[in-house]
Amino acid sequence: MEEAVMRYQLDTIPVWDAYKAGGECPLCALRQQNEAMYVDSFLGASVMEPDTRVEVNEKGFCPEHFRQMFAQKNRLGLALITHTYMKDVIASVDAILEGAAEAEGGGLLRRLGGKPSAKENPGAAVRARTGKCVLCERLDYTMRRYAYTLVHLFTHDREFQRAFLDSQGLCLQDTALVLDMAGEMLSGRERTAFFRAVRDVQQKNLERVEKELEWFTLKFDYRNQDKPWGNSRDALERAINKLQGACVHGGEA
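Here's what the structure looks like:
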């Protein structure tokens, strides 16, 4: 219990800092910071730790996080962890294919409604072997902690509640995250109050971005070329990121 409380206290600082910094989604900012930290960590000394190597060999990385690590300068570090992971995958895939080659009666089992095994559905087994990502799992866990902190602060800290209500809201992906967390943490009036606050903040800010995006499109009409842009120069970037989370950058007209 003491460890959990200490961890929660540590998490309040980055959440508060993100809200003080502003932006269209403070949780997206936290996700990007932690993602960059994890990428550096996996390419650094932590990759030599036995527990980390075992976990990487078991789960590997998704295409996006392989891409991010490949874009860094430490090609040797990435090559080392990829090599050991690849050896592990080769052994797993060989076992899957050998089992599939020896399997009999799989078609009958599927026709009878049974659940196919790796021998009977080797394609699914291969996809499952390379379908995990240790970095995604760590990042998801961290973001759930931040969502927990956000909901807890909203219900226990009036100053943070005001900061949340005055913010530019969240992207829709993180809106879903905090709603899920609030559903687990809150009940009764507290949950109703939180859901209402999220609705008010999101509706106001989604409509704001939508209007700015509309003006972005209208600025391409020659009749509006001399009118001021207002806040619409980067409206397309912010609209996409509001819908799907921070995924595009540098979108000014």
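Be aware that the sequence shown starts at 1, since it is given in the UniProt record's numbering, and climbs by one per residue.
Here a beta-carbon is modelled for each residue, glycine too, at the ideal position from N, C-alpha and C.
As the structure is a computational prediction, the values presented were derived from the model and not from experiment.
Scanning its chain for C-beta atoms nearer than 8 angstroms, with the 5 sequence neighbours on each side dropped, one finds around V56 the residues F42, V47, I81, T84, Y85, V134, in chain order. Secondary structure note for M86: its alpha helix (DSSP H) is the uninterrupted segment 75-102. F164 is positioned such that its CB atom lies closer than 8 angstroms to that of A197. The three-state secondary structure of D226, taken from DSSP, is coil. Under the three-state reduction of DSSP output, A246 falls in the coil class, being neither helix nor strand. Residue burial annotation: E212 is buried, with at least 16 other C-beta atoms found within 10 angstroms of its C-beta.
Under the three-pair Cβ rule at 8 angstroms, the segment 239-246 counts as touching the segment 166-177.
Counting only unbroken stretches of 3 or more residues, no beta strand (DSSP E) element lies wholly within the segment 146-207. Between the alpha carbons of A176 and E98 lies a distance of about 42 angstroms. The continuous alpha helix (DSSP H) containing N57 extends over residues 50-59. Distance between D51 and E58, taken at the CA atoms: about 11 angstroms.
Linking R199 to R238 through their CA atoms gives a straight-line distance of about 19 angstroms. Proximity to G230 across F216, R223, F220 peaks at F216, based on C-alpha coordinates. Rounded to whole angstroms, K87 and E120 show a C-alpha spacing of 24 angstroms.
With fewer than 16 other Cβ atoms from the protein chains shown falling within 10 Å of its own Cβ, Y222 counts as exposed. The beta carbon of R129 sits closer than 8 angstroms to the beta carbons of V89, S92, V93, I96 from its chain, once the five residues preceding and following it are set aside; these are given in chain order.
Annotated three-state conformation of A71 is coil, per DSSP. DSSP places N34 inside the alpha helix (DSSP H), whose first and last residues are 26-43. Judged by DSSP secondary structure, G123 falls within the alpha helix (DSSP H) whose first and last residues are 122-129.
Around the beta carbon of R31, 16 or more other beta carbons lie within 10 angstroms, which makes this residue buried. Across the structure, L179 and P14 are spaced so that their CA atoms are roughly 20 angstroms apart.
Under the three-state reduction of DSSP output, R233 falls in the coil class, being neither helix nor strand.
In this structure, the alpha-carbon of W16 lies about 22 angstroms from that of E184.
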